[in-house]
Every structure is written in structure tokens, then in C-alpha cells.
Amino acid sequence: MSSEAMAAERPNYLNATTGLKSWLLTLDHKRIGILYLLGVSAFFVLGGIFAMLIRLELVTPAGDLVQPDAYNRLFTSHGVLMVFFFLIPAIPGVLGNFLIPIMIGTKDLAFPRLNLLSWYLFMAGGTMALGGIIAGGVDTGWTFYTPYSSTYTMTAVIPVGLGVFVNGFSGILTGLNFMVTIHRMRAPGMTWFRLPLFVWSHYATSLIQVLGTPVLAITLVLLVFERAFHIGVFDPTRGGDPVFFQHLFWFYSHPAVYIMILPSMAVISELIAAFARKRIFGYHAVAFASIGIAVLGFLVWGHHMFVSGQSVYAGTAFSLLTMLVAIPSAIKVFNWSFTLYQGSVSFQTPMLYALGFIGLFMIGGLTGVFLGTLGFDVHVHDTYFVVAHFHYVMVGGTIMGYLGGLHYWWPKITGKLYPEFWGKISALLVFVGFNLTFFPQFLLGYMGMPRRYHAYPEEWQVLNVLSSAGASILGLGFVLPVLYFAWSLKKGPLAGRNPWGARGLEWETDSPPPTLNFDEPPVMNHEVYPYADGEPGSTSGMKPASAH
Amino acid sequence: MNFKIPFVPEQASTMARDVDQLTFFLVGMAVFFTVLIAVMVLYFALRYRRRAADQVGSSFDHSTLLEVTWTVIPLLIVLFTFGWGAKVYFRLYRPPADAVQYYVTGKQWMWKAQHPTGQREINELHVPVGQPTRLLMTSEDVIHSFFVPAFRTKADVVPGRYTSLWFTPTKPGRYHLFCTEYCGAEHSRMIGWVTVQEPEEHQRWLASVPVQTAPAVAGGELYARLACGNCHREEPGLAGPPLHGLFGREVELADGRTVRADEQYLRESILRPGAKVVAGYQPVMPSYQSQVTEENVLALIDYIKSLEGVAR
Amino acid sequence: MSDIHVVPVKIYVAVFLTLMVLTAITVAVAFVDLGALNNVVMLGIAVAKATLVVLFFMHVKYGTRLVPLVAAGGFFWLLILFGFTLSDYLSRGWLGAGTPWMR
Amino acid sequence: MSTAHPAVLHHQFDTLEQQKESATLGMWLFLVQEILFFGGLFMAYMLYRWRDPQAFAAGSHELDITLGLVNTVILIASSLTMAMAVHSAQTDKNKALVRYLVATGILGLAFLVIKYFEYSAKWEHHLVPGPNFHFPELAIDGRAEIFFSLYFAMTGMHALHMVVGLVLLGWLLVPAARGRFNSQYHNPIECFGLYWHFVDIVWIFLFPLLYLIGRHYHGAV
Ligand code: HEA
Ligand code: HEA
Ligand code: CUA
Ligand SMILES: [Cu+2]
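Chains as they are written, first to last, in the numbering used here: chain B, 58 to 605; chain V, 122 to 433; chain A, 179 to 281; chain H, 355 to 575.
Here it is in C-alpha cells:
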């Protein structure tokens with residue numbers, strides 16, 4: 058205990074400098090991570106409030122709580138904020154920023170100034186989008202399909218589009234920064250196959266950011282031009298093709314769903330290794346699967362367009378490739394599950410989230426395979442089945458991973474422990490609330506309930522009420538961590554360097570780490586996740602599970 | 122299947138059964154994998170739960186055999202799934218040759234349908250049971266999507282072009298029709314009904330609706346009013362090619378390509394005549410873009426289709 | 179740094195002159211009627227010019243192995259965008275009436 | 355720690371070499387991003403040209419091939435001066451570095467000035483998409499607009515990149531004039547050079563695609 062107390066008094070990145078300015082102008086990747094945490098949390102709460110209003114409206118079949126166009130603004134704002142300003146930046150921005158340099162044993166990202174700029178671009182984009190949402194709103198759906206968005210809607214497409222555009226560059230620069238850092242800044246001995254899977258997965262994410270996001274950017278530019286100057290590229294009355302917009306949009310936005318899930322998978326690999334105290338089964342397979350997902354993910358975007366009037370032959374090719382992209386995910390799920398075999402499994406909060414992730418992501422992913430199946434998708438496209446699918450992967454997958462990761466590294470980030478009991482309660486609430494919210498939506502979708510509907514036929518009310526009830530439990534599950542995390546900052550017990558008995562360079566430095574991350578530049582002289590062989594850096598003599 | 126399966130909408134078209142069977146297979150596959158993984162995870166987690174604070178896992182951390190197994194088996198399964206799905210998809214989008222064609226136009230926020238015999242309906246479509254029915258669809262403004270859950274089929278309705286969809290209803294009844302592509306404020310009210318009737322009842326219904334001119338006839342009137350005949354007559358020699366017997370033929374273009382004269386081509390020829398110039402003619406035909414509505418175009422197309430003959 | 183590769187001025191000038199000649203050829207060819215071949219020549223020359231710039235002006239010929247990989251990767255991804263999008267448009271008419279957009 | 359660091363070495367790097375390699379890789383990744391950014395425009399160009407080759411040929415005919423050619427030469431020349439600037443930095447020729455940078459800037463400006471005259475001619479000829487658009491050949495009117503939309507979008511984006519380049523160039527001139535760059539340290543010059551050459555490459559494609567396709571169209575793409 059006394060050594061822990063000492064560690065907390067030592068200079069660290071939190072107390073190294075003080076004052077607002079030292080935060081707003083910081084070049085320290087760890088502080089920038091915290092800035093992201095504040096930013097994405099704000100957008101999550103806003104997006105969550107919109108979601109609650111959506112669910113409230115849908116309790117009754119008649120559209121009685123809000124007007125149709127207000128409802129349309131709600132789900133659009135919900136989708137835009139959640140996707141672009143919460144889910145995509147969340148894990149890379151917060152955990153990736155904080156951890157990647159530490160995990161590879163270096164002092165900072167390759168371009169700290171650029172990193173800060175990324176955060177400002179993110180906030181600027183968010184502010185623009187929010188400005189658009191407040192002044193005029195936007196009602197196109199997060200997908201901005203033309204020609205509705207370009208010619209017909211009267212809402213603030215331009216500021217929101219530009220907000221997303223600016224935010225896109227934040228993502229591109231973050232990805233670029235990560236890639237250069239991972240290539241050029243690894244500590245001595247840190248070979249590619251000694252990188253934690255967290256790093257591999259973020260590398261894959263960065264690839265997508267750099268290769269995909271610019272296409273979204275130019276698409277939004279064309280959209281804005283179309284709206285402002287009527288240039289005709291998406292306008293059928295001028296010879297343009299509105300479906301072309303969909304191609305450009307999904308060229309980015311399908312890979313973007315892997316920008317959302319890969320970082321979460323990154324977290325899950327770390328959690329499972331730490332709480333099963335075992336090297337991730339099939340390390341190489343999992344690492345390559347990340348890259349496989351990133352690359353194959355670019356070849357499947359047409360699966361969002363099976364009924365759009367796209368050629369059925371192109372649709373068929375896209376469906377086939379969609380099937381292939383499911384395989385690396387399957388490989389990961391199997392390897393994670395098998396890691397538990399002969400492990401030493403404990404059930405602290407982060408592990409509960411990780412186990413929840415496996416179950417929910419699997420259901421989300423398998424229903425993704427359903428959707429990739431041509432004959433099935435025709436029926437459920439643009440119904441609640443799709444809504445259920447993507448919440449299963451985005452909330453059940455990504456958010457579970459994000460929360461698990463926040464809990465796991467909270468002691469490292471803040472130096473304090475959160476209350477384990479409340480953590481478990483919230484994990485349970487999230488799991489139960491989540492399933493209650495979104496499972497009924499699969500059924501609704503198959504029965505034919507279209508998405509983006511503000512009123513619906515009465516026969517679907519029961520399932521909708523269940524879903525709304527679930528949403529309130531889910532909301533509660535999300536509020537709890539906010540409260541106890543805040544509490545732990547003041548009252549939480551000191552964490553010490555390695556409260557979990559986990560492996561990895563981040564656990565070999567102080568909690569919170571010093572500004573330059575390590576007192577001595579680290580050298581990686583052993584394999585990654587060396588749980589079984591009691592390598593240096595372990596806490597005192599752990600015994601293998603097979604020894605009992 | 123006559124009993125009602127929970128959460129499965131009414132099966133009211135020839136395709137509904139096929140789609141549902143695919144669904145049951147998919148659900149079966151999903152249940153299998155979910156149970157497999159859940160059992161594996163829970164069993165391992167409990168069996169190997171940590172019993173002492175300093176206990177660590179074993180060093181068994183890779184197996185090529187396992188890796189190959191759980192790559193190849195899912196791969197085979199998804200390839201099978203793909204094949205099945207593609208088969209159903211092609212059936213869903215390839216209309217039978219004898220399908221009766223209706224015109225559907227979407228606009229914010231209503232569905233307009235026109236029967237081959239000239240009856241028009243709004244947000245309703247009456248069709249006889251057992252008749253292969255093809256809808257040729259376009260939109261006057263934004264993208265909409267025509268979806269009848271009981272028929273398990275849908276297709277987007279895109280401005281500037283035609284898309285199509287077909288079904289053969291198998292059961293009389295009234296079925297929900299939804300617009301499933303977000304199209305603005307009243308998207309959720311762009312709904313209607315498809316009413317499937319016994320053939321005799323349908324005949325009675327057709328008779329009871331005041332018949333406006335059938336599209337082909339209306340098209341003929343328009344053809345006269347717009348003076349298309351100044352350039353297009355049955356006998357060649359005028360500024361434009363004769364349109365008799367044109368529909369369905371391969372047309373040679375001035376740039377050497379050939380295209381099939383389908384609805385899409387006729388539509389483009391009327392609205393953007395210069396884009397595909399017929400071989401041997403000058404691009405002098407004016408665009409009618411500003412003079413005709415989508416329905417006019419459909420009528421003109423129907424009229425041109427009705428012009429039989431082997432001219433040229 | 180001793181390992182900086184300083185490209186001799188001669189090479190720069192040679193590359194520049196080649197680029198000029200290629201430019202002259204493209205313009206000249208544009209006035210000769212080669213039918214569809216015009217496009218092939220035009221694009222071929224543009225690709226050749228771009229390659230010269232990348233290799234010499236941008237030092238890719240002299241850099242680490244990673245840099246050419248990155249550059250080629252960018253162009254490859256562009257081909258994915260082009261190829262798959264066009265695959266839709268080129269095959270739209272195949273299933274018969276109603277499906278095509280415009281061939 | 356900082357004593358071991360030369361002043362130009364940023365704190366996160368261990369060696370100048372590492373810093374240089376990071377900067378180069380970072381710049382290339384940025385250019386990859388640029389490739390895909392412009393790629394969306396090229397995609398649109400390809401699609402619409404394939405769809406209506408006649409309108410594109412006719413539209414292209416309205417562009418001024420001489421000005422396009424002059425600009426091509428100017429831009430390639432500016433690439434040469436830029437390469438020479440890097441060369442000068444690498445060989446510790448500071449005066450030459452400044453001179454070549456200035457030359458590059460002047461050529462870049464010349465490009466933009468010519469572009470400005472081209473744009474205003476298009477405006478006068480009612481070839482700017484919008485309510486005033488009016489194409490001379492009647493049969494093409496209404497179809498050629500999309501060509502000019504893409505023309506302005508593509509050359510506009512390119513010109514914007516030139517403007518950004520010129521701003522960066524001006525900003526680099528200050529330390530260059532102060533002799534900050536030498537054979538040991540010239541990352542910024544080199545990275546800027548990469549950017550400048552990239553913008554040149556974009557033009558190398560734009561010139562034939564926009565200006566040269568209209569010479570003799572028979573209909574085939
Ligand atoms: C985090 C985000 C995320 C992720 C990871 C995914 C993952 C996948 N998605 Fe999803 N998807 C979205 C977010 C996401 N999706 C969103 C937001 C939309 C809607 C956009 C909109 O229209 O608004 C959407 C829509 C969407 C559609 C279009 C539906 C439609 O509009 O009609 C399709 C169609 O193919 C699809 C497929 C897939 C597939 C095949 C995967 C795969 O990657 C899944 C792979 C995972 C697994 C397969 C599970 C694990 C494996 C096993 C347990 C082993 C057994 C496996 C097999 C036998 C295969 N998704
Ligand atoms: C990251 C992505 C993400 C996340 C996390 C969520 C989270 C949720 N979503 Fe969202 N959703 C999308 C992405 C996401 N969604 C997208 C992309 C669309 C498509 C939009 C479109 O069609 O264009 C969509 C659409 C969508 C719909 C369909 C609307 C329609 O088509 O008509 C519905 C309906 O139930 C819904 C519900 C919910 C619910 C109940 C949650 C819950 O999980 C949210 C719970 C969270 C909170 C409640 C926040 C925590 C609260 C606090 C910290 C305190 C404050 C709380 C209160 C005052 C209650 N979402
Ligand atoms: Cu029409 Cu939605
Ligand atoms: Cu997708």
C-alpha cells in the first residue's frame with residue numbers, strides 16, 4: 058500500500074502541469090485521450106437522449122408525441138451523432154490514443170501536434186453538426202441519400218454535412234498518426250508479432266480511416282455543391298444518378314462499420330487475455346483476421362443496395378464477398394472463446410463486458426450474414442430487422458467493448474479503482490436492457506415494420522412497448538458508470554501499477570503514467586501475453602491453472 | 122402451411138414460402154452457432170474459473186487443426202447460404218414472361234398505380250389472385266421503395282429510371298403496402314393496401330371503376346398532341362425513324378453500340394433524345410423533358426409498344 | 179544523415195525533359211484520329227508521366243520498401259472503387275427490361 | 355535527455371533518422387488519402403463520361419487547349435524547381451534553396467492566374483453550371499452541364515490544393531531564408547515537395563481527361 062501511495066504522489070501526466078491552458082494545448086497523447094473522453098461522452102449523452110425520445114414516440118402506434126418531421130430529425134440526429142461523433146472516434150480517440158504509445162513502449166505518438174489538431178477537428182465538426190441540428194435540424198437519415206438530401210429537404214444539410222466532413226479529417230489524421238507510430242516508434246524488441254492485439258486491431262482500423270474516409274469527404278463535398286449550386290451529379294433531372302451517391306457513400310460507410318467494431322475487438326482481445334490469464338489463442342490468426350476484415354471490408358459495400366436498383370449481378374458479387382468478410386470475424390470469436398480453455402478465468406466487470414460482447418456481437422454478426430443473403434435481405438431491407446442488426450453490433454458489440462475497456466484501464470488512466478459491485482450491476486443492466494430493447498426489433502422487422510417510421514400499424518405495439526421498456530433499463534445501465542466513475546475520481550482507492558495482475562507494457566509503468574510514459578525506455582525482451590511462463594514483469598510467482 | 126407461425130407475416134405470394142424457408146435455415150444456423158459458442162464460453166469460463174489469486178492459464182495457445190476447422194466449416198456454410206440466397210434473389214427479380222404489367226409511380230407521399238386496362242388508383246392496388254403481376258415503377262421526386270411484407274418483395278423506386286418488381290398473389294386478402302425508403306416528412310404515411318381478389322370479383326371491381334382511357338390510348342392522344350408524328354410515321358423517310366415494331370428490338374446507334382429498345386430506352390429517347398442517337402439519323406429530336414410528366418412518358422411508351430409492324 | 183540519397187541534377191532535368199516530350203506527344207496525338215485508341219494512348223501517357231514524377235521527383239525509387247507499397251496501395255484502392263462501381267453500371271441491363279439504368 | 359537532442363529533434367523521437375522516416379511515411383499516407391479524395395471525382399467523371407460520351411466530347415471542345423497546355427508546362431516546370439529546392443537543401447545550398455522555392459511559388463501563382471482567366475471566360479460564355487448555363491449546341495444543352503460541373507469541381511479542387519500549397523510555401527520560406535534547413539534537417543521541405551508533386555500528378559491526369567477528349571468524337575467512349 059505504501060508503495061502505491063508513493064506512486065500516486067510521483068509526478069504523472071495528470072499533475073505535471075495545471076490549468077485549463079495546459080489541457081487545451083497539451084501535446085500529451087494521454088491528455089488528448091482524456092479530451093476525447095469528454096467529447097465523445099457528451100455526444101453519446103445527446104445521442105442517447107434522442108434515442109430515448111425515439112423510443113418514447115414508438116410506445117404508441119399513432120404518431121402522437123412529436124410531429125413526423127420532428128421525429129425524422131430525431132433519428133437523423135441520433136444516427137449522425139452516434140455514428141460520426143461517438144462510435145467512430147470513441148475507442149481510437151480515448152483508449153487508442155492513451156494506450157498505443159504505451160503498449161509499444163514509446164513516449165508519444167509520432168505527431169503529437171497533429172493529434173491535438175485531430176481533437177480540435179473532431180470538436181469543430183461536432184460543433185458544426187450540432188449547430189446544424191439545433192438551427193434547422195436535419196432530416197435525411199444518417200445516410201444522406203440523394204436526391205432527397207440534395208434537392209428536396211429544407212433542412213440544414215450543409216452545416217451537418219460539413220461537420221461530418223471536418224470530423225472525417227480528424228479520423229484520417231488519427232489513423233495516419235497511429236500507422237506511422239506503429240511502423241516507426243516501436244520499442245527495441247517490439248517486433249510486429251510481439252505487438253498486443255490491441256495494436257494490430259487499431260492498425261487495421263487506421264488503414265480503413267486513411268483509405269475510406271476521403272471518399273466520404275469528397276462525397277459530402279459533391280453533396281454540398283449539389284445542394285448549393287445544383288451541379289447535377291446526383292440529380293436525375295439533370296442527368297445525374299442518385300444511386301451513384303449510394304455507391305460513394307457506402308464505399309466509406311461499410312468499411313466504417315469496421316472502424317467501429319475493430320477497436321472494440323482490440324479491447325476484447327486484451328480483456329480476455331487478462332481475465333483468463335492466458336495468451337490469446339491463435340494470436341497470429343487473430344492478428345491477421347483484423348487486417349483481413351479491414352481489406353475485405355472494402356469489397357462488400359453493395360450489400361446495402363440489394364434493392365436499390367443496383368444491377369442484380371453486382372449485388373450477387375457483393376453478397377458473395379460479404380460472406381467472406383464474415384469469416385475473419387468468426388475466426389476471432391472462436392479464438393477468443395477457446396482462449397478460456399485451460400485459462401484462469403475471473404469475472405470482474407471488464408470480463409463481464411467481454412463475455413457480453415462475444416454473445417451480442419455474435420448475434421449481430423450472424424444476423425449480418427442473414428442480411429448479406431440476397432433473397433432474405435430483399436424482405437427485411439430498411440425494416441427494423443436491420444435496425445436490430447446494427448444495434449447488436451454497434452451497442453452490443455462496440456459499446457460493450459468500449460465500456461469493458463474503460464473499466465479495465467480506468468485504474469491506469471486515473472490511478473483510482475472504481476467500485477466493483479456497481480460495475481457488475483451496470484454490466485448486468487446493460488446486458489438485460491440491451492436484449493430487451495433490440496431483440497423484439499428483429500421480430501418486428503421480419504413482420505415488416507419499416508424503419509424511420511414515426512407511426513405504425515397497431516398489431517406491432519406489444520413488441521414496441523417491450524423495446525421501449527428495455528431502452529429505459531439500458532439507459533439506466535449507461536448512467537450508472539457515469540456516476541461511479543465520477544465518484545471514484547474523488548473517493549476511489551488507489552489502484553497501484555497492476556491491479557489486475559495483467560501483462561503488457563502499460564501495466565509496467567505507474568498509474569497514472571508519467572508524462573513520458575516510462576521512467577526508463579522499455580525494452581521488449583519476451584513474447585506478448587507471457588502469462589504461462591512467468592516472464593519478467595509479472596507479479597510474484599503466478600501458478601499455471603493446470604497445476605491444481 | 123396453414124397454421125400461423127408466430128412473427129412470420131402472412132404468406133400471400135408464390136415467393137413467400139421460398140423466402141421463409143431460407144429464413145428458417147438461417148435461423149437454424151444462427152441458433153446452432155449461438156448455442157455452440159455460448160455453451161463453450163460458459164463451460165470453459167466456469168470450469169476454468171480462477172480458484173487462487175495467483176493462478177495463471179496454461180500455455181496451450183495455438184492449434185493449426187482447430188484454426189483450419191473453424192475457418193473452413195463456417196466458410197462452407199456461408200457459401201451454401203450465399204448460393205441459396207442468390208437463387209431466391211434471381212427468382213425475386215426475374216419476372217415470368219407472362220406477367221401482366223402495371224405502372225406504379227411514387228411521389229411524396231403517395232402511390233399511384235395504373236392498370237393495363239386504364240383504371241387508376243391511389244395508395245391501392247387491386248390484383249386478381251394467381252396472376253403473375255409485374256410493376257414497372259418510377260418516381261416523380263425522391264427515392265421511394267415499394268414493399269409488401271406478405272409478398273416478401275420490395276424494390277426501390279428511383280427518379281429518372283424504371284425499376285421493376287413482380288409477384289404472383291396466392292391468397293385473396295388485403296395486404297399492407299409500405300414505403301420503405303425514407304422520403305421525407307410523411308414517409309411513414311406513404312402506406313397503402315394491395316388487395317388480392319378472386320378473378321371474378323376482380324372483374325367486377327374493374328368494371329365498377331370509371332375507366333379512364335387506357336394508357337396506350339392516352340399515349341396515342343399525346344402522340345398526336347405533341348406532334349411526334351411529324352417525324353415518326355410508319356413509313357420511313359421522315360426526320361425520325363419509324364417507331365412501329367420498335368419495342369424489344371435491338372437498335373443500332375450512331376456510335377456503333379447496340380441497345381435493346383426496352384422501356385428504359387424509350388424513356389430516355391423521349392426525355393434525352395441526343396444521348397443515344399439512332400444510326401443513320403441526325404440528333405434533331407427535341408427533348409420533351411419539360412413537357413411531359415412521368416405518367417405521360419409511361420403512356421407514350423405504352424402507345425409505342427402498341428405500334429406493331431415490321432417497318433425499317 | 180549520410181544515408182540521404184541525393185538525386186543528381188542531371189536526372190531531374192532528364193525527367194523534366196521527358197515529361198515535356200510526353201506532354202507534346204499527348205497533345206499531338208489528340209489531334210490525330212485513332213478512334214478508341216486515342217483514350218488508351220492519352221491515359222497511357224498520363225500514367226507514364228505520373229510514374230516518372232513518383233519515382234524520381236518524389237524519390238520513391240530511392241526510399242524504403244514501405245513507401246512504394248503505400249503509394250501503390252493508394253492507387254490499388256482507387257481501382258477497387260472504380261471497378262466495383264462500374265461493375266454495377268456495366269451489368270445493369272443484363273436481366274432484361276426495367277432493370278437497366280443506362281448502358 | 356534534452357541535451358542529447360538536437361534542437362530540431364522532437365521529443366517523441368530518439369533519432370533524426372526516425373523522425374525523418376516518420377515524416378516521410380506520414381506524408382505518403384496523407385497523399386494516399388488525397389488519391390482517394392480525388393478518386394471520388396475521377397469516379398464521377400468516368401461514370402458520366404461513359405454514359406454520355408457525346409456531351410463530354412462537346413463540352414471538352416469548349417475548353418481552351420492552349421491555356422491548358424501552357425498550364426501543364428508551368429506545373430511540370432514548378433515540379434522541377436521544387437525537386438531542385440529539395441536537392442539544394444540536401445546539399446546545403448541555402449541560397450539556391452530559397453531561389454528555387456520562390457521560383458516554384460511564382461510558377462504556381464502563374465498557374466492560378468491563367469486558371470482565373472479560363473474560369474472567367476467560361477463565365478462569359480455561360481458555361482458555368484447553374485441558371486445561366488447555356489451550351490452553344492442545342493442538342494447538347496442540358497447534357498453538357500454535368501461535364502462542366504465536373505470540370506469546375508475537379509479543377510476547383512485542384513486549384514484549392516494549389517492555393518493551400520502556396521500558403522504552405524510562403525510559410526516555409528521564412529525558416530528557409532533564415533537558413534534553418536540543411537543536409538541534416540530538411541523534412542519540411544521534402545514533405546512539402548511530395549505534396550507539390552502530387553498536385554502536379556493530379557493535373558497530369560486532369561489535362562488530357564478534360565481538355566483533350568473532344569478533338570474527334572464519333573460516339574465511342
Ligand atoms: C459495428 C458495426 C457493424 C458491424 C461490425 C457489421 C457487421 C456486418 N454487417 Fe452490418 N450494418 C451496420 C453495422 C455493422 N455491421 C449498420 C450500421 C448497418 C445499417 C446502415 C443503415 O442502413 O443505416 C448495417 C447493415 C448491414 C447490411 C445491409 C442491410 C440492409 O440495409 O438491407 C448488411 C448486408 O449484408 C450487413 C451485413 C453485415 C455482415 C455480414 C457483417 C459481418 O462483419 C459480421 C461478421 C460476424 C459474425 C459472422 C459473427 C461471429 C461469427 C461466428 C459466431 C461464427 C459463425 C459464423 C458463420 C457461420 C458465418 N450489415
Ligand atoms: C453508435 C451507434 C448507436 C447507438 C449507441 C445507438 C443507441 C440506441 N439506439 Fe440507435 N441508431 C443508430 C446508432 C446507434 N444507436 C443509427 C445509425 C440509427 C439509424 C438512424 C437513421 O435511420 O438514419 C439508429 C436508429 C435507431 C432507431 C430506429 C429509428 C427509426 O428507424 O425510426 C431506434 C429505435 O428504437 C434506436 C434506438 C436506440 C436506443 C434505444 C439506443 C440506446 O442504446 C441508447 C441508450 C443510451 C442512453 C440513454 C444514453 C445514456 C444516458 C445518459 C448518460 C444520461 C441521460 C439519459 C436520459 C435522460 C434518459 N436507434
Ligand atoms: Cu416514400 Cu418513403
Ligand atoms: Cu455493410
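Don't be surprised by glycine CBs; every beta carbon is placed ideally from N, CA and C. In this text, all values refer to a predicted model and were calculated from it rather than measured experimentally.
query: Chain V partners of G496/H, CB-CB under 8 angstroms?; result: R393, S408 and Q410
query: Helix, strand or coil: which one does DSSP assign to D434/B?; result: helix
query: Can you list, in chain order, the stretches of the beta strand (DSSP E) that have 3 or more residues and sit fully within the stretch 211-258 of chain V?; result: 221-228, 231-235, 241-243 and 245-249
query: L343/V and L428/V: beta carbons closer than 8 angstroms?; result: no
query: For V343/B, is the classification buried or exposed, using 16 other Cβ atoms within 10 angstroms of its Cβ as the cut-off for buried?; result: buried
query: Going by C-alpha distance, which of L157/V, G206/V, F154/V and E188/V is nearest L143/V?; result: G206/V
query: Skipping 5 residues on each side, what residues in its chain have a beta carbon closer than 6 angstroms to that of T458/H?; result: S432, T435 and M436
query: Determine, for P217/V, whether the minimum Cβ-Cβ distance to residues of chain B falls below 8 angstroms.; result: no
query: Identify every residue that forms a DSSP beta bridge with T379/V.; result: E373/V
query: Note down, in chain order, each residue of its chain lying with its Cβ closer than 6 angstroms to the Cβ of A64/B, except the 5 sequence neighbours on either side.; result: Confidence is the limiting factor: at A64/B the pLDDT is only 48, short of 50, which leaves the residue's position unreliable and the question unanswerable from this model.
query: Taking the alpha-carbon of S285/V as reference, which of H265/V, H297/V and V372/V has the nearest alpha-carbon?; result: H265/V
query: Determine whether the beta carbon atoms of H183/V and Y340/B lie at a separation below 8 angstroms.; result: yes
query: In chain C, which residues lie with their C-beta within 9 angstroms of the C-beta of A396/V?; result: Among the protein chains in the structure shown, which are B, V, A and H, there is no chain C.
query: May I have the straight-line CA-CA distance separating I388/B from L319/B, to the nearest angstrom?; result: 14 angstroms
query: Would you verify that the beta carbon of L514/H is, or is not, closer than 8 angstroms to some beta carbon of chain A?; result: no
query: Exposed or buried, what is Q403/V when buried is set at 16 or more other beta-carbons lying within 10 Å of its beta-carbon?; result: exposed
query: Tell me whether H361/B, by its Cβ, gets closer than 7 angstroms to a heavy atom of ligand 4.; result: yes
query: By the criterion of Cβ-Cβ separation under 9 angstroms, what are the contact partners of I288/B in chain H?; result: P483, G484, E499, I500, F502, S503, L504, F506 and A507
query: Can you determine whether any heavy atom of ligand 2 sits closer than 7 angstroms to the C-beta of M322/B, and answer yes or no?; result: no
query: Counting only beta-carbon separations shorter than 8 angstroms, does A374/B have a partner in chain A?; result: yes
query: Is H311/B near ligand 4 - that is, is its Cβ less than 7 angstroms away from at least one heavy atom of it?; result: yes
query: So that I know if they touch, is there some Cβ in chain B lying closer than 8 angstroms to that of W279/A?; result: Low confidence applies to W279/A: its pLDDT is 35, below 50, so where it sits in the model is not reliable enough to give any reading.
query: Along the chain, where does the alpha helix (DSSP H) that runs through C545/H open and close?; result: N541 to L560
query: Rounded to the nearest angstrom, how far is the Cβ of A234/V from that of V225/V, given a contact under 8 angstroms?; result: 5 angstroms
query: Are the beta-carbon atoms of I468/H and V528/H separated by less than 8 angstroms?; result: no
query: With burial defined as no fewer than 16 other Cβ atoms inside 10 Å of the residue's Cβ, what is the status of P302/V: buried or exposed?; result: It should be noted that the sequence gives Glu, not Pro, for residue 302/V. The residue is buried, with at least 16 neighbouring Cβ atoms inside 10 Å.
query: Alpha carbon to alpha carbon, what distance is there between M380/B and W479/B?; result: 40 angstroms
query: If you count every other CB in all the chains shown that lies within 10 Å of the CB of R138/V, and 16 or more means buried, which is it?; result: exposed
query: Chain V beta carbons: is any one of them nearer than 8 angstroms to that of A108/B?; result: no
query: Using 10 angstroms around the beta-carbon of V314/B, count the other beta-carbons present and answer buried if the total reaches 16, otherwise exposed.; result: buried
query: Which same chain residues, not among the five before or five after F222/B, have their C-beta less than 6 angstroms away from its C-beta?; result: A274 and L277
query: Taking C-beta pairs closer than 8 angstroms, name the residues in chain A that V424/H reaches, listed in chain order.; result: None at all; the shortest Cβ gap to chain A is about 11 angstroms.
query: Given a cut-off of 8 angstroms, decide if S207/B and D292/B are closer than it, judged by their beta-carbon atoms.; result: yes
query: Leaving out the 5 sequence neighbours to the left and right, which residues in its chain are closer than 7 angstroms to I470/B when beta-carbon positions are compared?; result: F155 and P569
query: Note down, in chain order, all residues in the stretch 299-323 of chain V with a beta-carbon under 8 angstroms from any beta-carbon belonging to chain B.; result: F299, C300, T301, E302, Y303, C304, G305, A306, E307, H308, S309 and R310
query: I want to check one thing, is the minimum distance from the CB of Y177/B to the heavy atoms of ligand 2 below 7 angstroms?; result: no
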